[in-house]
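A.B. asks:
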Amino acid sequence: MSETLAEAVRAALSAVRDPDTGRDVVSSGMLQGLSARDGLVQFALAVPRERARALEPLRAAAERAAAAVPGVLSATCVLTA
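So this is what it looks like as structure tokens:
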């Protein structure tokens, strides 16, 4: 994993906040399994099952934030319960 790219993605994700709690996805512990290799970034956001559908916009925002990091060619985020 490219540590520099992963660190940059983690920093970008720290600006993405859960609209209900106001906490960012990194410090809240939601971010899991961040992988960055050859410009391809994958990660999951761990959320309560009952909130998964409501948090789809959060997933999309996190994916956009990761994709906007210089050096990222593709970013994929999934929700896990």
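When we follow our numbering, the leftmost residue of the sequence shown carries the number 56, and every step to the right adds one.
Positions of the beta carbon are idealized from the N, C-alpha and C atoms, including for glycine.
Keep in mind the model is a prediction, meaning the values are calculated, not measured.
1) Can you list, in chain order, the residues of its chain with a C-beta nearer than 6 Å to that of S129? Leave out the 5 residues immediately preceding and following it.
2) Enumerate, from N- to C-terminal direction, the unbroken beta strand (DSSP E) stretches of 3 or more residues contained entirely within the stretch 61–95.
3) For A136, count neighbouring C-beta atoms within 10 Å of its own C-beta (all shown protein chains included) and say buried if the count is 16 or more, exposed if not.
4) Go through its chain and collect everything with a Cβ distance to R104's Cβ below 6 Å, but skip five positions before and after it.
5) Would you mind giving the Cβ-Cβ distance between A91 and V64, rounded to the nearest angstrom? I have them listed as a contact below 8 Å.
6) To the nearest angstrom, how far is the alpha carbon of A101 from that of T76?
C.D. replies: Looking at the coordinates:
1) L95
2) 86–92
3) exposed
4) A136
5) 6 Å
6) 14 Å
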